[in-house]
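Here the sequence shown is numbered in this note's numbering, starting from 910 and rising by one per residue.
Notes follow the structure.
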Amino acid sequence: MRILYIILILSIPSLLLFSSCKKNPLEDPGNTLIIPGSGPDTSKVPPPIVYKRTVNIGTGSGSLVFDGATFAVQCNDLIKIKGGSYSSITIKNVISADGCPITFKNDGLVEVAGDYNAMSLSNLKNVVISGDGTAGLSKGFLFRDNIYRAVVITGTLDKFTFQNAAFKNVKDLDISFKYNAVYDGTESSYSKNLKFLNISCDNTNQFMTTGGYIENGVVYGLVKDIEIANVDFQNAPDVGTVVFMGNAEDYNIHNNRINNINTANNNHNGIFQIAGNGRFHDNYISNHQGNSIRAWGHTVGSTPKDILIYNNIVINSRKYSGFEVQAYADRIVSGKTTYVNAIVFNNTCGNLNLSNDWQAAVVDVYSLQGGKCDVYNNLGYNFKPNQKLIALQWAELIPNTSYNLYDENFSDTGMSDQSSFNLTAASPAKQKGRPTPFVITDFYGKPRNASAPSIGAIE
């Protein structure tokens, strides 16, 4: 049961928090800024792979099995799968040294279609599966018309990329990776450096789950450095959660588009339900029900890490606030795990909780079990039932709030429209935020003003 504490962090229409008059100067209540250890998003496109050998596999139909235990891969192999419609594709036991990736690409459109037909992946290291093998075909792997799971991952997975694929009419999981190995601190006891990029999902159930949990002081299913980016997920009336990760360290979830989901689901959903620490940024969430992310925090080890939520646009929610941050006591295990700090900044949120049956804010803040929460430079409008909330306190933790702006009406925000959300020169949010030392661009990649950044996701 959720218990609402009496203390509410309020925002005044067209004013920044704690301001009493529109003409008053901006006020900083003097809260100490939490400097995130994650730093700015410095991810870069890796250099192109120079392939040394090309191997052609598949007949275009039936079941395809590629087993690295029986086929000796070589450094920088390109393995091309013949286009066609397969009943199953299995890729397993492909282990390559660092700097020697093994790449699987489509040669024409590769489909896996029909009930219970799937791509099965197991025990892969330094492997890339990429659907950009045919010119003019941006997503050369297509998984469709399946009442069960489309991609099933088992065993170990390290330094792995899955990209340029499409899912359509999948009724269970698009990608299942229920990894629950016991973490003992050694490198072999966790999965790491995973990328899921440039993927479209139309009328499917949950996009991905990675498993993971903490129970009775034991850490299970730890995944480090996982990136989910450029996923276009749409038209899922009862999906609930799009991505579930039960134990993730340094996740990087960015530049995803989620639209038209949960029209038939009334649970308290986290569209991204993520436990651990990392960054959630530059995402566009629209026409939905649920928090865009329910970020449940913990750090594996003794040095607290951070949850950063920034540069997101969240609009038109039927129910619930833009974001949620909280932590659970049973995930904080002395000598094994500790708390996180949360920073929620430079987001644009509007038309939240339109059903009027809850309380909407930019972020719901619960206990972080010792961590702090900073909330600043956020822009909001039309939260129902019109309580003008930026940070809604649900536990003993009082968030540090400053330089947030709320307007009851979109027309007062000074944004040009409700599709681009660009600020006009006369916007009260224009260059009125507090400096932030670690993010230098906005939602569109435009440079931010270093000394006076704008409030919201757009500079």
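For glycine and all other residues, C-beta sits at the position ideal for the given N, C-alpha and C.
Name the residue from Gly-1259, Thr-1113, Gly-1323, Ile-1108 whose alpha carbon lies nearest to the alpha carbon of Val-1369.
The structure shown does not extend to residue 1369, since the chain is modelled only from 910 to 1368, so the question has no answer here.
Give the list of continuous beta strand (DSSP E) stretches no shorter than 3 residues that lie fully inside the stretch 1188-1250.
Within the stretch 1188-1250, the complete beta strand (DSSP E) runs of at least 3 residues are 1193-1197, 1200-1206, 1214-1219, 1222-1226, 1232-1235.
In the DSSP output, which residue or residues are listed as bridge partners for Asn-1309?
The residue given as residue 1309 occupies position 400 in the sequence shown. In DSSP, Asn-1309 forms a bridge with Asp-1283.
Selection from Ala-1361, Ser-1243, Arg-1058, Ala-1006 that minimises the alpha carbon distance to Gly-1126
Residue 1126 sits at position 217 when you count from the first residue of the sequence shown. Distance from the Cα of Gly-1126 is smallest, within the candidate group Ala-1361, Ser-1243, Arg-1058, Ala-1006, for Ser-1243.
Three-state secondary structure (DSSP) of Glu-1124:
For the purposes of this step, residue 1124 is identified with residue 215 of the sequence shown, where counting begins at 1. The answer is strand: DSSP assigns Glu-1124 an E or B state.
Spatial neighbours of Gly-992 in its chain, beta-carbon cut-off 7 Å, leaving aside the 5 residues before and after:
Here residue 992 refers to the residue found at position 83 of the sequence shown. Short of 7 Å from the beta carbon of Gly-992, and not among the five residues preceding or following it, lie these beta carbons of its own chain, in chain order: Gly-969, Asn-1015, Asp-1016, Gly-1017, Leu-1018, Val-1019.
Among Phe-1319, Gln-1072, Leu-1314, the one whose alpha carbon lies nearest that of Gln-1340:
Locating residue 1340 in the sequence shown gives position 431, where the first residue counts as 1. For Gln-1340, the nearest C-alpha among the options comes from Leu-1314.
Please determine, among Ala-1236, Tyr-1229, Ser-1276, Gly-1280, the residue with the shortest C-alpha to C-alpha distance to Trp-1267.
To locate residue 1267, count along the sequence shown from 1; it is residue 358. Relative to the Cα of Trp-1267, the nearest Cα in the group Ala-1236, Tyr-1229, Ser-1276, Gly-1280 belongs to Tyr-1229.
Give me the DSSP bridge partner(s) of Val-1060.
For the purposes of this step, residue 1060 is identified with residue 151 of the sequence shown, where counting begins at 1. According to the DSSP secondary-structure assignment, Val-1060 is paired through a beta bridge with Met-1028, Ile-1084.
Does DSSP classify Glu-1368 as helix, strand or coil?
On the sequence shown, residue 1368 is found 459 positions in, with the first residue counted as 1. Glu-1368: coil per DSSP, three-state reduction.
Would the beta-carbon of Asn-1089 fall within 8 Å of that of Gly-1130?
Locating residue 1089 in the sequence shown gives position 180, where the first residue counts as 1. Locating residue 1130 in the sequence shown gives position 221, where the first residue counts as 1. Yes, Cβ-Cβ distance for Asn-1089 and Gly-1130 is below 8 Å.
With 16 other Cβ atoms within 10 Å as the buried cut-off, status of Val-959
Looking up residue 959 in the sequence shown gives position 50. The residue in question, Val-959, is exposed, as its Cβ has fewer than 16 Cβ neighbours within 10 Å.
With a 10 Å radius around its C-beta and 16 neighbouring C-beta atoms as the bar for buried, classify Ser-1328 as buried or exposed.
Walking along the sequence shown from the start, residue 1328 turns up at place 419. Exposed, by the Cβ-count rule.
Is it true that the CB of Ile-1011 sits closer than 8 Å to the CB of Val-982?
As a position in the sequence shown, residue 982 is number 73, starting the count at 1. As a position in the sequence shown, residue 1011 is number 102, starting the count at 1. Yes, these two residues count as a Cβ contact at 8 Å.
Spatial neighbours of Asn-1256 within its chain, please: CB distance less than 6 Å, with the 5 preceding and 5 following residues excluded, ordered by chain position.
As a first step, residue 1256 is located in the sequence shown; it is residue number 347 there, counting from the start. Within its own chain, the residues whose Cβ lies closer than 6 Å to the Cβ of Asn-1256, once the five positions on either side in sequence are excluded, are Asn-1221, Asn-1287, Ala-1366, listed in chain order.
If we call anything under 8 Å between Cβ atoms a contact, is Ala-1173 one with Val-1132?
What you label residue 1173 is simply residue 264 of the sequence shown in a count that begins at 1. What you label residue 1132 is simply residue 223 of the sequence shown in a count that begins at 1. For Ala-1173 and Val-1132, no; Cβs fall outside 8 Å.
From the DSSP output, in three-state form, read off Asp-1266 for me.
Locating residue 1266 in the sequence shown gives position 357, counting from the first residue. Looking at Asp-1266 - three-state DSSP - the assignment turns out to be coil, as it is neither helix nor strand.
From Gly-1342, Leu-1106, Ile-1241, His-1190, residue whose alpha carbon lies closest to that of Ser-1039:
Taking the first residue of the sequence shown as 1, we reach residue 1039 at position 130. Minimum Cα distance to Ser-1039 is reached at Leu-1106.
Buried or exposed for Glu-1136, please, with buried defined as at least 16 other CB atoms from any protein chain shown within 10 angstroms of its CB.
As a first step, residue 1136 is located in the sequence shown; it is residue number 227 there, counting from the start. Looking at its Cβ environment, which holds 16 or more other Cβ atoms inside 10 Å, Glu-1136 is buried.
I'd like the span of the beta strand (DSSP E) that includes His-1163, first residue to last.
Within the sequence shown, residue 1163 is the residue found at index 254, counting from 1. Annotation for His-1163: the continuous beta strand (DSSP E) segment containing it runs 1152-1163.
Phe-1254, DSSP secondary structure in three states
On the sequence shown, position 345 is the one that residue 1254 refers to. Here Phe-1254 sits in strand by DSSP.
Pull the bridge partners of Leu-1106 from the DSSP assignment, please.
In the sequence shown, counting from the first residue as 1, residue 1106 sits at position 197. In DSSP, Leu-1106 forms a bridge with Gln-1072, Ala-1138.
Out of curiosity, what's the CA-to-CA distance linking Ile-1162 and Gln-1182?
Start at 1 with the first residue of the sequence shown, and residue 1162 comes out as number 253. Start at 1 with the first residue of the sequence shown, and residue 1182 comes out as number 273. Between the alpha carbons of Ile-1162 and Gln-1182 lies a gap of roughly 12 Å.
Coil, strand or helix - Ser-1389 by DSSP:
Residue 1389 lies beyond the residue range present for the chain, which begins at 910 and ends at 1368; the question has no answer from this structure.
Find out if the Cβ-Cβ distance for the pair Asn-1168, Gln-1143 is shorter than 8 Å.
The count along the sequence shown starts at 1 and reaches residue 1168 at position 259. The count along the sequence shown starts at 1 and reaches residue 1143 at position 234. At a Cβ-Cβ threshold of 8 Å, Asn-1168 and Gln-1143 count as neighbours.
Spatial distance of Pro-945 from Asn-1026 (CA atoms):
Reading the sequence shown from its first residue, position 36 is the one you call residue 945. Reading the sequence shown from its first residue, position 117 is the one you call residue 1026. Caution is warranted here: a pLDDT of 37 is assigned to Pro-945, below 50, making its placement in the model unreliable, and the coordinate value is therefore given only provisionally. One C-alpha to the other measures close to 44 Å.
Report the rounded CA-to-CA distance for Asp-1083 versus Ile-966, giving the unit in angstroms.
Against the sequence shown, residue 1083 aligns to sequence position 174. Against the sequence shown, residue 966 aligns to sequence position 57. Going from the Cα of Asp-1083 to the Cα of Ile-966 covers about 24 Å.
Kindly list the residues whose CB is nearer than 6 Å to the CB of Asp-1141, restricted to its own chain and excluding five residues on each side of it in sequence; keep chain order.
Position 232 of the sequence shown, counted from the start, is the residue given in the question as residue 1141. Excluding the 5 residues flanking it on each side, Asp-1141 has same chain C-beta neighbours closer than 6 Å at Ser-1109, Arg-1166, in chain order.
Using beta-carbon positions only, say whether Val-964 and Ile-998 come within less than 8 Å of one another.
In the sequence shown, counting from the first residue as 1, residue 964 sits at position 55. In the sequence shown, counting from the first residue as 1, residue 998 sits at position 89. Taking 8 Å as the Cβ cut-off, Val-964 and Ile-998 do not qualify as a contacting pair.
With a threshold of 6 Å on Cβ separation, who are the neighbours of Tyr-1290 within its own chain once the five nearest residues in sequence on each side are excluded?
Working through the sequence shown from its first residue, we reach residue 1290 at position 381. The answer, listed in chain order, is Gly-1259, Asp-1316, Phe-1319, Thr-1322.
Nearest candidate by alpha-carbon position, reference Asp-1041, set Arg-962, Gly-971, Gly-1049
As a working note, residue 1041 is residue 132 in the sequence shown. Residue nearest to Asp-1041 within the set Arg-962, Gly-971, Gly-1049 is Gly-1049 (criterion: CA-CA distance).
In its own chain, which residues sit with a C-beta less than 6 Å from the C-beta of Ile-1000, not counting the 5 before and 5 after it?
Walking along the sequence shown from the start, residue 1000 turns up at place 91. Excluding sequence neighbours, Ile-1000 sits near Phe-975, Leu-1030.
Can you find the residues in the same chain that come closer than 6 Å, C-beta to C-beta, to Ile-1056, ignoring five residues on each side of it along the sequence?
In the sequence shown, residue 1056 corresponds to position 147, counting from 1. Apart from the 5 residues on each side of it in sequence, Ile-1056 sits with its Cβ closer than 6 Å to the Cβ of Asp-1024, Lys-1080 in its chain, given in chain order.
Same chain, Cβ closer than 7 Å to Ala-1359, five either side skipped, listed in chain order:
By one-based count along the sequence shown, residue 1359 stands at place 450. For Ala-1359, where only same-chain residues beyond five positions count, the Cβ hits under 7 Å are Pro-1344.
Pop quiz: Ala-1006 and Arg-1053 are said to be a contact at Cβ under 8 Å. What is the actual Cβ separation, rounded to whole angstroms?
Within the sequence shown, residue 1006 is the residue found at index 97, counting from 1. Within the sequence shown, residue 1053 is the residue found at index 144, counting from 1. For a cut-off of 8 Å, the C-beta gap from Ala-1006 to Arg-1053 is around 35 Å, too long to register as a contact.
Classify Ser-1325 as helix, strand or coil using the three-state DSSP reduction.
Within the sequence shown, the letter at position 416 stands for residue 1325. Note: Ser-1325 maps to coil in three-state DSSP.
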